[in-house]
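Asker: Take this structure first; my questions come after.
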Amino acid sequence: MPPEADNLKQKLISLDISWLHGIQSWVDPASPIQVWAIRFFSDFHIFFMAGLLVVLWLYAVYSRQPLYKESALYVAWTILFSLAIYLAVNQLFPIRPRPEAVSAITPIIAHLPDNSFPSGHAIFAAAALVATVLFLKIRYLTAAVSSLGILMILARVMAGIHYPGDMIVGAFLGVVLSLVFYRIHRHSWIQAVCIRIPIRIARVFRL
Numbered sequence: 004m005p006p007e008a009d010n011l012k013q014k015l016i017s018l019d020i021s022w023l024h025g026i027q028s029w030v031d032p033a034s035p036i037q038v039w040a041i042r043f044f045s046d047f048h049i050f051f052m053a054g055l056l057v058v059l060w061l062y063a064v065y066s067r068q069p070l071y072k073e074s075a076l077y078v079a080w081t082i083l084f085s086l087a088i089y090l091a092v093n094q095l096f097p098i099r100p101r102p103e104a105v106s107a108i109t110p111i112i113a114h115l116p117d118n119s120f121p122s123g124h125a126i127f128a129a130a131a132l133v134a135t136v137l138f139l140k141i142r143y144l145t146a147a148v149s150s151l152g153i154l155m156i157l158a159r160v161m162a163g164i165h166y167p168g169d170m171i172v173g174a175f176l177g178v179v180l181s182l183v184f185y186r187i188h189r190h191s192w193i194q195a196v197c198i199r200i201p202i203r204i205a206r207v208f209r210l
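When you line the sequence shown up against this note's numbering, it's residues 4 to 210, in that order.
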């Protein structure tokens with residue numbers, strides 16, 4: 004690596020660490036309310052999205068508006084596509100230990116000592132938001148999804164299990180990968196595998 008690039012890398016890492024400590028300074032580990040809120044919002048967005056898609060599907064069943072089924076499937080597949088590509092190429096990213104392994108930080112949330120960079124949760128949050136904007140097009144749902152996504156990203160940094168840079172890069176990848184899926188979602192094989200087949204299977208169970 005050229006010296007200039009190495010210097011830039013070290014500056015970015017130092018800046019990332021300073022951001023982490025700055026955000027961590029907001030947290031009082033002795034406050035049960037803060038600790039509970041951080042733990043709750045660090046994963047709640049995932050359960051919210053799962054519940055939202057189930058509600059959309061059931062609404063489509065009982066209102067007999069199949070477009071909501073397609074919208075729910077498109078959102079789900081956008082998120083799954085983004086995470087699948089991330090997992091497939093994750094080995095290409097540089098290994099970055101989690102903050103507690105290299106900094107004087109005690110994490111609020113227990114986590115496996117795996118690669119911190121980029122954040123899969125940030126990819127999920129960004130992909131969910133883009134999919135909601137493109138496929139659901141409902142303002143109050145977009146506001147809820149974006150707010151909970153931001154809270155999840157912030158909570159995981161406050162919990163000491165991610166650097167801010169992990170989240171920024173993860174969110175960027177989530178946006179890019181979800182736009183890639185949107186670009187190809189009208190292809191006939193995606194329509195067949197991701198939309199028509201699941202809907203036909205659901206009809207067998209009257210769903």
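Where is the CB? At the ideal position from N, CA and C, for every residue including glycine.
Hey, could you find the ends of the alpha helix (DSSP H) ALA158 is sitting in?
Answerer: For this step, residue 158 is matched to residue 155 along the sequence shown. First-last of the alpha helix (DSSP H) with ALA158: 142 to 161.
Asker: Where does ASP169 land, buried or exposed, given buried means 16+ other C-beta within 10 angstroms?
Answerer: Residue numbering aside, residue 169 sits at position 166 when the sequence shown is read from its first letter. Looking at its Cβ environment, which holds 16 or more other Cβ atoms inside 10 Å, ASP169 is buried.
Asker: Please report the straight-line C-alpha distance between VAL183 and PRO5, rounded to a whole angstrom.
Answerer: Position 180 of the sequence shown holds residue 183. Position 2 of the sequence shown holds residue 5. Each residue's alpha carbon lies about 32 Å from the other.
Asker: Per the contact definition of three or more C-beta pairs closer than 8 Å, is the stretch 62 to 74 in contact with the stretch 110 to 126?
Answerer: With a cut-off of 8 Å, the stretch 62 to 74 and the stretch 110 to 126 do not count as touching, because too few Cβ pairs lie within range.
Asker: Touching or not, the stretch 42 to 59 and the stretch 155 to 166, by the rule of three or more beta carbon pairs under 8 Å?
Answerer: Yes: the two stretches touch, three or more of their Cβ pairs being nearer than 8 Å.
Asker: For TYR62, count neighbouring C-beta atoms within 10 Å of its own C-beta (all shown protein chains included) and say buried if the count is 16 or more, exposed if not.
Answerer: The count along the sequence shown starts at 1 and reaches residue 62 at position 59. So TYR62 counts as exposed.
Asker: Select from PRO100, ILE88, PRO167 the residue whose C-alpha is nearest the C-alpha of VAL211.
Answerer: With the chain covering only 4 through 210, there is no way to say anything about residue 211.
Asker: Does the Cβ-Cβ distance between LEU210 and VAL64 come in under 7 Å?
Answerer: Within the sequence shown, numbered from 1, the residue matching residue 210 stands at position 207. Within the sequence shown, numbered from 1, the residue matching residue 64 stands at position 61. Yes, they are a contact pair.
Asker: Among PRO69, GLN37, ARG186, whose alpha-carbon lies nearest the alpha-carbon of VAL133?
Answerer: On the sequence shown, position 130 is the one that residue 133 refers to. Nearest of PRO69, GLN37, ARG186 to VAL133, Cα basis: ARG186.
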